[in-house]
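Q: The numbers in numbering that gives the first Met the number 0 rise by one with no breaks, and the one at position 106 of the sequence shown is 105.
Backbone N, C-alpha and C define an ideal beta-carbon position, used for all residues, glycine too.
All of these numbers come straight from a predicted model, not from anything done at the bench.
One structure, as structure tokens, below. Some questions next.
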Amino acid sequence: MKSSIIAEVVEFRTEEELKELAKRAMEIMEFAEDEFAESYARGALAMSKTVAKVYQFCWPPRVYIGWIFEDPRTAKEVARCFKAFFRVRNEWRRIDGRELPVVFVDFEEWIDFYCMRGHQLHPLDSIALRYLKRGTSMEKAFRQLARDLAGFFKEYGGEVEWGAEDG
Numbered sequence: 000m001k002s003s004i005i006a007e008v009v010e011f012r013t014e015e016e017l018k019e020l021a022k023r024a025m026e027i028m029e030f031a032e033d034e035f036a037e038s039y040a041r042g043a044l045a046m047s048k049t050v051a052k053v054y055q056f057c058w059p060p061r062v063y064i065g066w067i068f069e070d071p072r073t074a075k076e077v078a079r080c081f082k083a084f085f086r087v088r089n090e091w092r093r094i095d096g097r098e099l100p101v102v103f104v105d106f107e108e109w110i111d112f113y114c115m116r117g118h119q120l121h122p123l124d125s126i127a128l129r130y131l132k133r134g135t136s137m138e139k140a141f142r143q144l145a146r147d148l149a150g151f152f153k154e155y156g157g158e159v160e161w162g163a164e165d166g
């Protein structure tokens with residue numbers, strides 16, 4: 000069954016967040032003892048060059064998380080690093096009149112990997128996990144997602160794009 004995107008949330012990164020990502024990646028790289036750790040560190044360093052993070056909420060319930068990059072070379076490097084851990088989907092998004100590359104992975108695969116490394120959940124991660132609860136009708140899931148996103152945007156600002164594109 001083909002899934003349909005019912006909502007897409009784009010969260011732009013701040014300079015402070017990007018600096019913190021780069022700092023953390025350099026620390027990981029400094030103490031990397033094997034190829035696995037080095038690949039993770041290279042991917043983390045490239046993540047410090049992201050413009051934004053994207054959450055795609057689909058029906059049937061599935062969430063994809065993606066990162067928008069300034070240049071295709073960095074996106075290609077991240078996709079290469081991520082392929083060691085996840086199934087990767089590459090796309091493009093128009094942001095401020097520019098076509099920018101996006102690297103998407105399945106949210107459930109990502110969040111397991113992310114939490115195993117002791118990272119804290121972002122509020123949108125919590126919303127995605129709640130959306131993915133099984134056994135919920137489309138109407139109920141959509142209504143809960145709308146409430147959760149409205150609360151998120153009331154607290155943090157921003158907007159959501161609702162739609163039904165084939166994914």
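#1: Give the straight-line distance between the Cα atoms of Arg79 and Phe112, rounded to the nearest whole angstrom.
#2: Using DSSP's beta-bridge definition, name the partner residues of Pro59.
#3: Does the stretch 18-25 come close enough to the stretch 44-51 to have 3 or more Cβ pairs within less than 8 Å?
#4: Can you grab the Cα-Cα spacing for the pair Tyr155 / Glu10, in whole Å?
#5: Indicate whether Trp170 and Pro100 have their beta-carbon atoms separated by less than 9 Å.
#6: Rounded to whole angstroms, what's the CA-CA distance from Phe35 to Thr49? Just pull it up for me.
#7: Alpha carbons only, please: which of Phe141, Thr135, Glu15 and Pro60 is nearest the one belonging to Lys1?
#8: Based on the DSSP secondary-structure assignment, which residues constitute the bridge partners of Leu128?
#9: So, for Gln55: in the same chain, excluding its five sequence neighbours on each side, which residues have a beta-carbon less than 6 Å away from its beta-carbon?
#10: The beta strand (DSSP E) spanning Ala6 covers which residue range?
#11: Going by C-alpha distance, which of Gln119, Phe106, Glu69 and Arg86 is nearest Asp95?
#12: State buried or exposed for Leu120, treating a residue as buried only when at least 16 other CB atoms are found within 10 Å of its CB.
#13: Is it right to say Ala140 is buried, meaning 16 or more other beta carbons lie within 10 angstroms of its own, or is it exposed?
#14: Have a look at Ala145, Arg116 and Glu107 and flag the residue whose alpha-carbon is nearest the alpha-carbon of Leu128.
#15: Please name the residue or residues paired with Tyr155 in a DSSP beta bridge.
#16: Any idea which residues DSSP pairs Tyr54 with across the strands?
A: The short version:
#1: In a straight line, the C-alpha of Arg79 is about 16 Å away from that of Phe112.
#2: Beta-bridge pairing by DSSP links Pro59 to no other residue.
#3: By the Cβ criterion, the stretch 18-25 is in contact with the stretch 44-51, since at least three pairs of Cβ atoms, one from each stretch, lie closer than 8 Å.
#4: Answer to the nearest angstrom: the Cα atoms are 10 Å apart.
#5: Residue 170 is absent from the model: the chain starts at 0 and stops at 166.
#6: Inter-residue distance for Phe35 and Thr49 is about 22 Å (C-alpha atoms, whole angstroms).
#7: Measuring from the Cα of Lys1, the nearest candidate turns out to be Pro60.
#8: Paired residue(s): none; Leu128 is not in a bridge.
#9: Taking Gln55 as the centre and dropping the five residues before and after it, the same chain places the C-beta of Ile4, Glu7 and Tyr63 closer than 6 Å to its C-beta, in chain order.
#10: Annotation: the continuous beta strand (DSSP E) that includes Ala6 extends over Ser3 to Phe11.
#11: It is Glu69 whose Cα lies nearest to the Cα of Asp95.
#12: Exposed: under 16 other Cβ atoms inside 10 Å.
#13: Burial of Ala140 is indicated by the presence of at least 16 other C-beta atoms within 10 angstroms of its C-beta.
#14: In terms of CA proximity to Leu128, Glu107 leads the group Ala145, Arg116 and Glu107.
#15: Paired residues: none, contrary to the question.
#16: In DSSP, Tyr54 forms a bridge with Val8 and Ile64.
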